[in-house]
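Report on the structure given below.
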């Protein structure tokens, strides 16, 4: 098969389309012939040499895909060759085929195209696990989403609204904020011109849950933006890894902070998240209450250009690559 490889870390042109050995599904794995994959910021970090795949994972980038089942490994049941699926991956989406643990496989939701389905697994699993399984966002509460126009952000807006929460978002332009409002955001904050802490406190008295991609840069302001009993879920470190935490403010607010990643989790934890997504989120997708947001689709050979687009942050939603 062919795959996007990274012979040497570097800029977008470090991504090289090359012939590589076909994967073979091991015990409990399914071989998927890939139709499409999506570009995530983790792929950019891997390309730069900062985020190696977990031990045993595919060396090629790509944390999600859609496609058709090509073969079943030993011990797999419940799936058949030819099934249309999408999958959460530890790597290998930028390739013709990928071996996937069966617990990380999902059927393509009714009403969603096979290519479009590649936009779902990583963002849905990330949002559902952090905002709902860990932070327990409830109807009537307020969610603040940083990077509201991103793939994660556009999904978080829709899922929060679907369960009856209020949503505030930050983004860097009025065009992006307008698109967030179209998806249901109640409050849009231009982080280049406004203080998100003040705006959220003025509008809602604080955020019950904050989904944060910035890390250290926003830590202090996030704590200030939390309501009493608020929960801060950190899923990205674009603003640095080390920050100063005011424990006094945390105590006064009875607040909690969690920080998680998805890629390196044990298989059983990923399978539990995927099962919860299939139970709780797939009905919302199939009803049309939640939909994947795709900015554009490019051929996989244009992966360097797709990485440039994501690095420039001009997109809204997901950038997909087709095979």
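Residue numbers (UniProt numbering): 1 to 323. Ideal Cβ positions, reconstructed from N, Cα and C, are used throughout, including at glycine.
To which residues of the same chain is residue i closer than 8 Å at the C-beta, ignoring the five residues directly before and after it?
| i | result |
| --- | --- |
| residue 110 | 286 |
| residue 270 | 88, 101, 103, 104, 125 and 262 |
| residue 227 | 142, 204, 205, 206, 207, 208 and 253 |
| residue 20 | 1, 2, 3, 5, 60 and 95 |
| residue 16 | 4, 5, 6 and 7 |
| residue 311 | 12 and 44 |
| residue 281 | 124, 128, 159 and 290 |
Return the chain-ordered list of same chain residues with a C-beta closer than 7 Å to the C-beta of residue i, the five sequence neighbours on each side being excluded.
| i | result |
| --- | --- |
| residue 22 | 1 and 97 |
| residue 239 | 214, 215, 216, 217 and 218 |
| residue 276 | 128 and 133 |
| residue 164 | 139 and 140 |
| residue 162 | 284, 289 and 290 |
| residue 149 | 171, 176, 179, 180 and 316 |
| residue 225 | 144, 196, 197, 200, 201, 206, 207 and 210 |
Within 10 angstroms of its Cβ, does residue i collect 16 or more other Cβ (buried), or is it exposed?
| i | result |
| --- | --- |
| residue 52 | exposed |
| residue 254 | exposed |
| residue 260 | exposed |
| residue 50 | exposed |
| residue 41 | buried |
| residue 9 | exposed |
| residue 170 | buried |
| residue 231 | buried |
| residue 138 | exposed |
| residue 136 | exposed |
| residue 107 | exposed |
| residue 236 | buried |
| residue 247 | exposed |
| residue 229 | exposed |
| residue 82 | exposed |
| residue 211 | buried |
| residue 245 | exposed |
| residue 64 | buried |
| residue 291 | buried |
| residue 39 | buried |
| residue 249 | exposed |
| residue 293 | buried |
| residue 120 | buried |
| residue 24 | exposed |
| residue 47 | buried |
Which partner residues of residue i appear in the DSSP bridge assignment?
| i | result |
| --- | --- |
| residue 66 | 36 and 86 |
| residue 233 | 211 and 258 |
| residue 357 | Given that the chain is displayed from residue 1 to residue 323, the structure contains no residue 357 and the question cannot be resolved. |
| residue 3 | 18 and 95 |
| residue 71 | 31 |
| residue 101 | 29 |
| residue 297 | 320 |
| residue 166 | 142 |
| residue 150 | 317 |
What span of residues does the alpha helix (DSSP H) with residue i cover, start to end?
| i | result |
| --- | --- |
| residue 142 | That residue, residue 142, is in no alpha helix (DSSP H); its beta strand (DSSP E) goes 142-146. |
| residue 107 | Counting along the chain, residue 107 falls outside any alpha helix (DSSP H), though it belongs to the beta strand (DSSP E) covering 105-107. |
| residue 282 | 282-287 |
| residue 301 | Run containing residue 301: none; DSSP gives neither H nor E here. |
| residue 338 | Limits of the chain in this structure are 1 at one end and 323 at the other, which puts residue 338 out of reach. |
| residue 324 | Beyond the ends of the chain as shown, which are 1 and 323, falls residue 324; an answer cannot be given. |
| residue 222 | 219-225 |
| residue 291 | Premise fails: residue 291 is in no alpha helix (DSSP H) and is neither H nor E. |
| residue 247 | 247-253 |
| residue 121 | 121-127 |
| residue 200 | 196-204 |
Which residue marks the beginning of the beta strand (DSSP E) containing residue i, and which one marks its end?
| i | result |
| --- | --- |
| residue 314 | Here residue 314 belongs to no beta strand (DSSP E), and DSSP marks it neither H nor E. |
Can you list, in chain order, the residues of its chain whose CB lies under 6 Å from that of residue i, leaving out five sequence neighbours each side?
| i | result |
| --- | --- |
| residue 36 | 66, 115, 118, 320 and 322 |
| residue 151 | 123, 317 and 318 |
| residue 92 | 58, 60, 62 and 98 |
| residue 315 | 295 and 309 |
| residue 18 | 5 |
| residue 257 | 232 |
| residue 144 | 168, 200, 207 and 210 |
| residue 186 | 166 and 167 |
| residue 147 | 153 and 213 |
| residue 264 | 54 |
Below 8 Å, is the gap between the Cβ of residue i and the nearest heavy atom of the ligand ADP?
| i | result |
| --- | --- |
| residue 142 | Here there are no bound small molecules, and the ligand ADP is not part of this structure. |
Taking Cβ positions only, does residue i come closer than 9 Å to chain C?
| i | result |
| --- | --- |
| residue 11 | Here there is only one protein chain, and chain C is not present. |
**Item:** Cβ contact (3+ pairs, closer than 8 Å) linking the region 211-229 and the region 192-201
**Value:** yes
**Meets three-Cβ-pair contact criterion under 8 Å: the region 68-86 and the region 21-41** = yes
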